[in-house]
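Chains as they are written, first to last, in the numbering used here: chain A, 4 to 498; chain B, 2 to 96. We put the beta carbon where it would ideally sit given N, CA and C, even for glycine. First comes the structure, then the notes that go with it.
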Amino acid sequence: MGEMNKLTIAAARDAMRAGDMTSTELTEACIQAIEGADTLNAVVHPTFDRARAQAAAADSRLKAGDAPDLCGIPLGIKDLYCTRGVASQAASNILTGFKPEYESTITQGLWDQGAVMLGKLNMDEFAMGSSNETSIYGPVTSPWRRRDTDTRLTPGGSSGGSGAAVAADLCLAATGTDTGGSIRQPAAFTGIVGVKPTYGRCSRWGIIAFASSLDQAGPMTKDVRDAAILLKAMAGHDPKDSTSANLPVPDFEAALSGDIRGKKIGLPKEYRLEGMPGEIESLWAQGADMLRDAGAEIIDVSLPHTKYALPAYYVIAPAEASSNLARYDGVKYGLRAALDANEGITEMYEKTRAEGFGAEVQRRVMIGTYVLSAGFYDAYYNRARRVRALIKRDFETVFASGIDAILTPTTPSAAFGLGEMADQDPVKMYLNDVFTVTVNLAGLPGVSVPAGLDKDGLPLGLQLIGRPWEEADMLNSAYVLEQAVGFVSKPEKWW
Amino acid sequence: MSIDKDTARRVAHLARIRVASDDLEALAGELSHILGFMEQLNEVDIDGVDPMTSVTPMALPRRADVVTDGGYPDKILANAPDAREGFFAVPKVVE
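Below, the structure is given as structure tokens:
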């Protein structure tokens with residue numbers, strides 16, 4: 004079989020079970036693809052020896068007929084996941100040299116099911132960014148280019164390495180994490196599928212924390228079926244995460260019936276932003292038409308507090324981050340700054356954190372510190388949490404009126420060039436999250452599906468937002484949209 | 002809310018991040034700008050709305066108060082920048 008690395012999980016699974024291909028062959032194809040893609044900078048800690056060993060073990064398992072869906076499937080893992088004995092540094096200088104003595108619950112589950120780890124993937128530092136430019140490893144370059152240009156583009160962020168690696172066929176699929184859009188935005192920018200599950204669906208244990216009430220892990224895949232397969236493998240109750248839901252995990256793949264007749268899909272009027280490019284607007288309308296043609300009912304809905312989601316998020320997420328990142332103090336792991344003879348422990352903390360954290364992380368930690376400080380806690384943090392309650396209530400009201408899922412654009416634009424946002428103020432970068440961040444604040448599931456190309460030939464995504472715990476239904480709607488769109492574009496190989 | 006240089010210095014210290022004196026002015030400007038963006042939240046009528054405390058309404062799970070993990074100090078210390086005799090080592094804390 005030629006170009007095995009281009010296969011989907013489902014196709015590879017079926018081929019391996021049929022004995023038409025081995026995991027060893029498939030893994031070698033991916034390793035070769037990664038070795039030829041240094042210029043993308045997507046894979047930052049390759050683990051090829053481990054991959055080969057895992058592939059051999061998977062092949063024995065396949066032969067024995069004991070092969071879960073992911074058995075023998077080569078994956079990329081976002082650097083935010085702790086993987087035993089393998090560098091896990093959240094793309095930060097402060098975790099230089101850190102090799103966990105433990106494995107995150109999600110990755111342990113993946114290895115138990117026979118999946119193969121190709122390596123750790125690039126990302127924004129501590130998942131704080133929308134362009135992968137805050138990474139200590141340097142930015143990821145998207146495999147996509149604007150037609151007839153060679154401008155280097157962002158794959159989005161923070162799971163930019165995951166998006167680029169899947170789009171460039173370096174791995175069959177990847178894990179990501181999503182705190183404000185960090186799975187869905189890079190998925191949209193790289194023309195792949197990305198799912199942010201309901202808060203509590205996937206364990207957060209062993210994933211380096213950014214903002215604990217918003218963080219969720221999820222799959223980034225080549226199509227919706229693969230997202231269903233990988234989500235099932237990642238989901239489940241974990242006693243080690245106190246917010247993990249003790250609910251059964253449905254067979255998401257089996258739920259892809261392709262039948263959405265009678266489903267009610269909402270279009271929130273507040274997502275029609277002033278100055279939004281016309282192609283995003285028309286892509287959104289086409290998506291709604293496609294779902295209508297498939298038998299869904301399209302209904303205008305209102306989510307009145309949408310406008311306040313970004314400012315609320317940029318209070319809550321930094322507040323939680325300032326608390327979570329307090330642990331990086333130069334004592335227990337990672338970097339410790341060199342001290343002068345007369346310097347004590349306070350200087351050690353301050354120098355270590357100044358050298359260890361990049362500019363965006365420092366900015367957010369300080370904003371978080373400020374909004375949590377005495378005298379401002381009520382004015383900023385508590386006010387933001389009250390607004391968050393209203394944003395969640397908006398969604399509850401819409402779902403209570405009978406809406407099954409909500410359709411929106413994933414991002415307000417296609418991918419931009421690396422460095423293009425460097426001179427902009429940070430708030431401009433934050434606007435990337437405008438359509439995705441509401442979903443994290445409300446704890447809902449969301450999926451981005453590639454829905455078309457813009458005038459320059461770059462992918463654009465549409466987002467479906469589901470009811471809590473109804474990823475299966477949401478993915479089925481995404482599947483129908485995917486079939487109707489018939490998105491088959493791939494980046495032309497230049498790297 | 003505008004942040005002045007002294008407030009920026011105080012916030013940096015609270016966050017335990019060293020910021021050079023020359024950089025405080027720029028930091029104050031940056032933080033002020035971001036906080037300005039958050040001022041929009043003051044437009045929202047939040048009367049009678051409680052702060053959201055949990056994403057999914059749920060009771061905190063409980064378990065028996067017993068030791069379920071531990072007993073491997075070597076693993077705990079394996080990544081320490083400086084570990085000695087089974088402890089994390091740090092610069093002198095008390096004068």
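Contacting residues, own chain, Cβ-Cβ under 8 Å from residue i (five flanking each side not counted)
i	result
Arg20 of chain A	Leu65 and Ala70
Phe89 of chain B	Leu78, Ala81 and Asp83
Ala291 of chain A	Ile268, Leu270, Ile301 and Leu410
Arg150 of chain A	Asp459 and Gly460
Ala32 of chain A	Glu6, Met7 and Asn8
Gly87 of chain B	Pro74 and Leu78
Leu342 of chain A	Glu350, Met351 and Lys354
Gly298 of chain A	Asp262, Ile263, Arg264, Gly265 and Lys266
Val304 of chain A	Gly269, Leu270, Pro271, Lys272, Val401, Ser404, Ile406 and Ile409
Contacts around residue i, its chain only, beta-carbon distance under 7 Å, and the 5 residues preceding and following it disregarded
i	result
Ala236 of chain A	Asp72, Leu73, Gly112, Leu113 and Gln116
Leu478 of chain A	Val227, Ala230, Ala231, Phe255, Ala258, Leu259 and Val450
Cys205 of chain A	Ile109, Gln219, Ala220, Gly221, Met237 and Ala238
Gln486 of chain A	Gly261
Leu43 of chain A	Val143, Thr144, Pro146, Ala167, Ala171 and Trp498
Pro253 of chain A	Ala475
Tyr384 of chain A	Val318, Ala322, Val374 and Leu375
Asp397 of chain A	Leu306, Pro307 and His308
Asp70 of chain B	none
Proximity below 8 Å, CB of residue i to CB of residue j
i	j	result
Glu363 of chain A	Glu38 of chain A	no
Ala238 of chain A	Leu259 of chain A	no
Leu250 of chain A	Leu463 of chain A	no
Ala324 of chain A	Arg367 of chain A	yes
Leu447 of chain A	Ile394 of chain A	no
Thr11 of chain A	Leu217 of chain A	no
Tyr336 of chain A	Leu98 of chain A	yes
Glu399 of chain A	Thr201 of chain A	no
Ala320 of chain A	Thr182 of chain A	yes
Glu273 of chain A	Leu306 of chain A	yes
Ile109 of chain A	Ala220 of chain A	yes
Leu338 of chain A	Thr355 of chain A	yes
Phe101 of chain A	Ala94 of chain A	no
Leu124 of chain A	Ile80 of chain A	yes
Leu484 of chain A	Leu294 of chain A	yes
Ser133 of chain A	Gly159 of chain A	yes
Gly209 of chain A	Cys85 of chain A	yes
Ala481 of chain A	Val452 of chain A	yes
Met120 of chain A	Ala60 of chain A	no
Gly420 of chain A	Leu156 of chain A	yes
Ala13 of chain B	Val20 of chain B	yes
Met36 of chain A	Leu173 of chain A	For the record, residue 36 of chain A in the displayed sequence is Ala; it is not Met. Their beta carbons are under 8 Å apart, which means Ala36 of chain A touches Leu173 of chain A by this criterion.
Pro92 of chain B	Gly278 of chain A	no
Ile4 of chain B	Phe360 of chain A	no
Val430 of chain A	Phe38 of chain B	yes
Leu32 of chain B	Arg386 of chain A	no
Val50 of chain B	Ala392 of chain A	yes
Asp426 of chain A	His34 of chain B	no
Cutoff 6 Å; reference residue i; Cβ partners in own chain excluding five residues on either side
i	result
Phe51 of chain A	Ile34
Phe213 of chain A	Phe129, Ala130, Thr182 and Ala324
Ala18 of chain A	Met24
Arg470 of chain A	Phe402
Tyr352 of chain A	Asp332
Ala340 of chain A	Lys354, Thr355 and Glu358
Leu98 of chain B	This structure leaves residue 98 of chain B out entirely; chain B is present only between 2 and 96.
Gly197 of chain A	Ile186, Arg187, Ala190, Met223 and Ser451
Ile468 of chain A	Ile409, Val442, Leu447 and Gly449
Glu503 of chain A	Because chain A spans 4 through 498 in this model, residue 503 of chain A falls outside it and cannot be assessed.
CB-CB length for residue i against residue j, believed under 8 Å
i	j	result
Tyr52 of chain B	Arg16 of chain A	Going by the sequence as given, residue 52 of chain B is Pro instead of Tyr. About 45 Å; that fails the 8 Å criterion.
Ala248 of chain A	Thr414 of chain A	28 Å between Cβ atoms; not a contact.
Gly371 of chain A	Ala322 of chain A	4 Å
Ala58 of chain A	Thr30 of chain A	4 Å
Pro62 of chain B	Ser245 of chain A	6 Å
Counting Cβ pairs closer than 8 Å, one from the region 47-61 of chain A and one from the region 261-272 of chain A, do we hit at least three?
no
Minimum length 4: unbroken alpha helix (DSSP H) runs contained in the region 83-126 of chain A:
108-115
Using 8 Å as the cut-off, can you tell me whether the region 435-443 of chain A makes contact with the region 307-323 of chain A, which would need three or more C-beta pairs spanning the two stretches below that distance?
yes
Is the region 136-145 of chain A close to the region 376-387 of chain A, with three or more CB pairs under 8 Å?
no
Continuous beta strand (DSSP E) assignments of at least 3 residues falling wholly in the region 330-417 of chain A
408-412
What residue ranges within the region 435-473 of chain A form continuous alpha helix (DSSP H) runs of no fewer than 4 residues, ordered along the chain?
440-445
Taking the runs of the beta strand (DSSP E) that are 3 residues or longer, which of them lie wholly in the region 246-290 of chain A?
267-271
Which parts of the region 124-185 of chain A are runs of the alpha helix (DSSP H), unbroken and 4 residues or longer, counting only runs that do not cross its ends?
163-170
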